[in-house]
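Numbering (the working numbering), first residue to last: 223 to 425.
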């Protein structure tokens, strides 16, 4: 199994370097760390009394890795989940915050577990995820990845500005969908035709 540091480095690789996309609610971002996160953590890296885009640009890669480990892995309790689930839930926590845990909790309720869908990893969620993995094994990881992929599509259904992240200009799979499928067994990947059929209504 990959170490948490390796997983976090892989996340940084997926996120890329500095961007400030007006269509992205996260705002200015560097290595996946948003300006909102830096403000919440008080990371005034240039010491000028505020946290602005200059601080985002100045964020070192290794600092981003440590932020993810401390605040997106350990703090929400992802380290308490079955180890096979941790990479995909951790990656999604960086990408979607507590939505990552809600996706898992909804999946577990669909499997018959009675737990709250509140985005918090408590004893019930840990117990349900552990039991579900003991029963389903790697299929649970695939099921989570598929639910995650569906989540991305649903965002783009509701928010046209986000469709650029789910599909490329040529109609192929966008970054969101390819990112989800990195954690799904190949036999459950959508074909190009299936993806195009899913997004056809977007025009």
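Think of the CB as a built atom: it goes at the ideal place given N, C-alpha and C, for glycine as much as any other residue.
Residue pairing from DSSP places residue 241 in a beta bridge opposite 251. For residue 302, no alpha helix (DSSP H) encloses it, and the DSSP letter there is neither H nor E.
Counting of Cβ neighbours within 10 angstroms places residue 398 among the buried residues, the total reaching 16 or more. Nearest neighbour of residue 347 by Cα position, chosen from 226, 251, 313, 300, turns out to be 300. Taking a C-beta distance under 7 Å as the contact criterion, residue 230 and residue 290 qualify as a contact pair. Per the DSSP secondary-structure output, residue 389 pairs in a beta bridge with 395. In this structure, the alpha-carbon of residue 412 lies about 48 Å from that of residue 271.
Per DSSP, reduced to three states, the secondary structure at residue 413 is coil, with no helix or strand assignment. In this structure, the beta-carbon distance from residue 257 to residue 234 does not fall below 7 Å. With contacts defined by Cβ atoms closer than 7 Å, residue 335 and residue 322 do not form a contacting pair. A Cβ-Cβ distance of about 15 Å is found for the pair residue 405 and residue 359, leaving them out of contact under the 8 Å criterion. The C-alpha of residue 416 lies about 36 Å from the C-alpha of residue 259. Here DSSP, grouped into helix, strand and coil, assigns residue 256 to strand.
In this structure residue 238 is not in contact with residue 286, their Cβ atoms being roughly 11 Å apart against a cut-off of 8 Å.
Taking C-alpha positions only, residue 241 is separated from residue 252 by approximately 6 Å.
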